[in-house]
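Sequences listed follow chains P and U, in order. All residue numbers in the first sequence are consecutive under the numbering used here, ending with 223. All residue numbers in the second sequence are consecutive under the numbering used here, ending with 1270. Contents: one structure, followed by commentary.
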Amino acid sequence: MIDYNTSFDQELADLKDTILKMGVLVQGLIYRSVESLKKRDKDLAKYVIKQDVEVDWLELEIDEKCINMIALRQPKAGDLRFITTGMRIVTDLERIGDLAEDVCERTIELDEKPLLKPLIDIPKMAKLAQDSVALAIDAFVNHDVGRTKQIWEKEKEVDRLRDYVHDELEEIMEKDPKMVSRALPLLLVSRHLERICDHATNIAEDVVYMVEGRVVKHGGPLT
Amino acid sequence: MNNIKNMCNVREITVAEGIKARMKVEELSAWFYEKQALNNINMDIFKNRVTAIIGPSGCGKSTFIRNLNRMHETIPGARVSGKVLLDGQDIFYKGYDVVKLRSKVGMVFQKPTPFPTMTVYDNVAVGTKLGGNKNGLSLDEIVEKSLRQAAFWDEVKDMLNKPGVGLSGGQQQRLCIARALAIEPEVILLDEPCSALDPISTAKIEELIHELKKNYTIVTVTHNMQQAARVADYTGFFLLGDLVEFDVTSKIFTNPKDKRTEGYITGRFG
């Protein structure tokens, strides 16, 4: 068997690079969005919101590349799975970008109001979200199903932290309803971060399909 | 052994769906003199389904379908071992009536082959005239029915007395399909039926294949993988005389099991 490095292979490599570029950009947005919240930095929050536009453009660019390849190259088997997975992944990445933007909007909402309490769990959630996205991108780029297991574990941990943050903030709001305007943005931030992990999980599931042709979505077997 | 293993999956699916095999190929090997062209092929040809055979030139795909109606043995130096069962009977069995076999298993070739001295009408009628009328219809009725089944009647009904070779390539091919249908076969073998045709004629033949599978079992050899993907329910990939993989077409084209199949269908070798 001969492996030709065809012009189609070049196009596939180029597609992978562009998705990787989008993934790296999105990871940066998550990091900076949480930094903006921690440091109460409205300028940084506005910068992230601006940068999200670039993510949207990359989504369109990648979609167009994929559609062209399907139309012009009629990809099959592994190539087909790679391209269709690419199309799905960019939708998740774009949504992750939007969620980072949402976190920044919460920063802006909180404005100068002092924080209810020092942020402990939310930065932990942010770290888990960033790591999950990084692992998902790595798994996609390296065709590595092994990394996806860690993503599922992180998702469970984030869910647990979200429930904890939720209970804690609920208690604060019940005690003193005046705190609602300061507690609600944090509640939403925990929700945004948890959703980011869900999207990373979606990417992981798509990677399993791409590499092994197995469908693990919606409670399918994971092993 | 590998071939049998590959077949299991399809068997499970077809058994689950209640699809029966019209032909069964068991341990089929074929030679041209010393050169072995097929190595121990095991495969089911399912009733009222389209089976496509794909693979690079010289992989044995034409040899394979030419064995399904014993055309292979007409070539000097050709030899066969193994079994091909049609409705449970081995077609290689001594005393098996080859003429009867070929009336049950019809064939259409790569290049349209209308009989050059005959009219459109006679091209379709000739099989019935020579081989006998199976169902008591008149010759006119058989010709019309066959041309209608080949989706060709409306185009050709006013030129039945014109020579068959005067038609376009795509029309000639549909005439040959009508000729094959006239003798009411059970199985139709198509050996690259569209490779000499333009895209519009190809689309017509492909549409016809979809229609015909309601009443017939079809095996088609094709170099055009998109065509296999479009028309076939099952696809077998041949390489160097081996049946590398045989599966439901959608599986072959989205998630083939064998690296060689993947290499071929993604255009990376062959």
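For glycine and all other residues, C-beta sits at the position ideal for the given N, C-alpha and C.
Please report the distance separating the alpha-carbon of I1045/U from that of Q1173/U.
24 angstroms
Which of the three DSSP states is assigned to Q1149/U in this structure?
helix
Is any beta-carbon of chain U found at less than 7 angstroms from that of Q10/P?
no
Establish whether the CB of A77/P and some CB of chain U are separated by less than 7 angstroms.
yes
Contacts of G213/P in chain U (Cβ-Cβ under 8 angstroms)
T1254, N1255
Rounded to a whole number of angstroms, what is the C-alpha to C-alpha distance between P1185/U and K1104/U?
4 angstroms
Any non-hydrogen atom of the ligand SAM within 6 angstroms of V1187/U CB
Absence of the ligand SAM from the depicted structure is noted, as is the absence of any ligand whatsoever, leaving it without description.
Just to confirm my understanding: we take H1223/U, look at its own chain, exclude 5 residues before and 5 after, and list those with CB closer than 7 angstroms. What are they?
E1192, S1195
V55/P vs L25/P beta-carbon contact at 7 angstroms:
yes
To the nearest angstrom, how far is it from the Cα of N1039/U to the Cα of I1075/U?
18 angstroms
Give me the Cα-Cα distance between T85/P and T1254/U, rounded to the nearest whole angstrom.
12 angstroms
Among the candidates V1248/U, T1266/U, G1263/U, L1239/U, whose CA atom is the shortest distance from the CA of I1054/U?
L1239/U
Considering only C-alpha positions, which residue in the set T6/P, N5/P, A13/P, P123/P is nearest to N142/P?
A13/P
Please return the same chain residues whose Cβ sits closer than 8 angstroms to the Cβ of E1206/U, not counting the five positions on each side in sequence.
C1194, Q1227, R1230, V1231
Under a CB-based cut-off of 7 angstroms, is E1262/U close to chain P?
yes
Report the CB separation of S190/P from H166/P in whole angstroms; it is logged as a contact under 8 angstroms.
7 angstroms
Got a sec: is the Cβ-Cβ distance from Q74/P to anything in chain U below 7 angstroms?
yes
Taking the beta strand (DSSP E) that Y1234/U falls in, what are its first and last residues?
1234-1239
Which listed residue (V1124/U, L1147/U, G1169/U) has its alpha carbon closest to that of Q1110/U
G1169/U
Can you pull the chain U neighbours of I80/P, defined as C-beta to C-beta under 8 angstroms?
Contrary to the premise, residue 80/P reads as Leu rather than Ile in this sequence. The contacting residues are F1253, T1254.
Note down, in chain order, every chain P residue with its Cβ under 7 angstroms from the Cβ of Q1226/U.
Q74
Taking the runs of the alpha helix (DSSP H) that are 4 residues or longer, which of them lie wholly in the stretch 1012-1080 of chain U?
1061-1068
Below 7 angstroms between beta carbons: does that hold for L29/P and G97/P?
yes
Please state if the CB of A1178/U and the CB of S1146/U are separated by a distance shorter than 7 angstroms.
yes
Cα-Cα separation between A1030/U and A1078/U, rounded to whole angstroms:
7 angstroms
Between L135/P and H192/P, how many whole angstroms is the CB-CB distance? I'm expecting something under 8 angstroms.
About 19 angstroms; that fails the 8 angstroms criterion.
L1028/U vs I1019/U beta-carbon contact at 7 angstroms
no
Extract the residue ranges of the alpha helix (DSSP H) inside the stretch 1191-1242 of chain U, only unbroken runs of 4 or more that lie entirely within it.
1199-1212, 1225-1231
Three or more beta-carbon pairs under 8 angstroms between the stretch 1079-1098 of chain U and the stretch 1120-1129 of chain U, yes or no?
no
Going straight from the alpha carbon of I83/P to that of K127/P, what length do you get?
29 angstroms
Count the C-beta pairs between the stretch 33-53 of chain P and the stretch 141-158 of chain P that are closer than 8 angstroms, then say yes if the count reaches three, no if not.
no
Using a C-beta cutoff of 7 angstroms, does T1266/U count as contacting chain P?
yes
So what does E1245/U bridge to, in DSSP terms?
F1237/U
Please say whether D92/P and H199/P have beta carbons closer to each other than 7 angstroms?
yes
Restricting to Cα atoms, I'd like to know which of E212/P, N5/P, T18/P is closest to E89/P.
The displayed chain sequence assigns Ile, not Glu, to residue 89/P. Answer by Cα proximity: T18/P.
Rounded separation between L188/P and T107/P - CA only
11 angstroms
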